[in-house]
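**Student:**
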Amino acid sequence: MIQRIQTVYLLLALVLTVVCLCMPVGVFHTPEMGGDVEMYNLWTLSPDKGIEYRVWPLFAALIISCTNCVLAIFSFKNRKLQLTICKLNQLLIVIWVALLLFFVKTGDAANMAFTPSYYVFLLIVVLFLYQCAVRGIKKDDKLIKDMDRLR
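Per our numbering, the very first residue in the sequence shown carries number -10; after that it's consecutive.
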């Protein structure tokens, strides 16, 4: 299982996704002196209102992605399922980015300046790792088909 390169890519993607899940997404800078609002994947933390759970879909998208990644790692014998899960995870990361843009541009945060954290950019690396895993899975599938044809 671990000797396949796509498993290594999937493990790295899982670790980076968990890091992105636990770290802050960014900070909203308020024009008044109310204090900055920190945004995490599950909540926003403001000095005025406390914790608000409006951004929970970000958390849900990354949790589903992590669960699917673990499933993909342990379904190494079923390459078609593994390929489908990797493509689904790529879609979930893109949905996460779209949700982030939605939450930044709407609601109370529309008049605030948003500064993303560096951890958000790790998801670009995660997308690249999923693409490398897809390439590795397709390469293994082609190798197996070529070996079957020679028999």
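Every residue gets a Cβ at the ideal spot worked out from N, C-alpha and C, and that includes glycine. The structure presented is a predicted model; accordingly, all values stated were derived computationally and were not measured.
What's the C-alpha gap between Val16 and Leu111?
**Tutor:** By 1-based counting over the sequence shown, the position of residue 16 is 27. By 1-based counting over the sequence shown, the position of residue 111 is 122. So the two alpha carbons sit approximately 17 Å from each other.
**Student:** When the Cα of Asn100 is compared with those of Met12, Pro20, Gln120 and Leu116, which residue comes out closest?
**Tutor:** Working through the sequence shown from its first residue, we reach residue 100 at position 111. Out of Met12, Pro20, Gln120 and Leu116, Pro20 has the C-alpha closest to the C-alpha of Asn100.
**Student:** What are the start and end residues of each continuous beta strand (DSSP E) run of 3 or more residues lying completely inside the stretch 61 to 109, in chain order?
**Tutor:** DSSP runs (the beta strand (DSSP E)) wholly in the stretch 61 to 109: 102 to 105.
**Student:** Could you check the C-alpha separation between Thr73 and Leu34 for me, to the nearest Å?
**Tutor:** By one-based count along the sequence shown, residue 73 stands at place 84. By one-based count along the sequence shown, residue 34 stands at place 45. Approximately 36 Å, taken between the alpha carbons.
**Student:** On the CB-based measure, 16 or more other CB atoms within 10 Å of its CB, does Cys11 come out buried or exposed?
**Tutor:** Locating residue 11 in the sequence shown gives position 22, where the first residue counts as 1. It counts as exposed.
**Student:** Taking a contact to mean a Cβ-Cβ separation below 8 Å, would you say Ser106 touches Pro13 in this structure?
**Tutor:** In the sequence shown, counting from the first residue as 1, residue 106 sits at position 117. In the sequence shown, counting from the first residue as 1, residue 13 sits at position 24. Yes.
**Student:** Taking only three categories from DSSP, how would you classify Val(-3)?
**Tutor:** As a first step, residue -3 must be located in the sequence shown, where it is residue number 8. Three-state result, Val(-3): helix.
**Student:** Tell me where the beta strand (DSSP E) around Val16 begins and ends.
**Tutor:** Start at 1 with the first residue of the sequence shown, and residue 16 comes out as number 27. Gly15 to His18 is the span of the beta strand (DSSP E), which, as asked, contains Val16.
**Student:** Report the residue from Leu89, Val4 and Tyr(-2) whose alpha carbon sits nearest the alpha carbon of Lys118.
**Tutor:** Position 129 of the sequence shown holds residue 118. Note on residue identity: the sequence assigns Leu, not Lys, to residue 118. Answer by Cα proximity: Tyr(-2).
**Student:** Could you tell me which of Trp32, Leu77, Leu132 and Tyr29 sits nearest to Ser54, measuring between CA atoms?
**Tutor:** Position 65 of the sequence shown holds residue 54. Among Trp32, Leu77, Leu132 and Tyr29, the Cα nearest to that of Ser54 is on Leu77.
**Student:** Taking all protein chains shown into account, do 16 or more other C-beta atoms lie within 10 angstroms of the C-beta of Asn155, making it buried, or fewer, making it exposed?
**Tutor:** As shown, the chain starts at -10 and ends at 140. That puts residue 155 outside it, with no answer to give.
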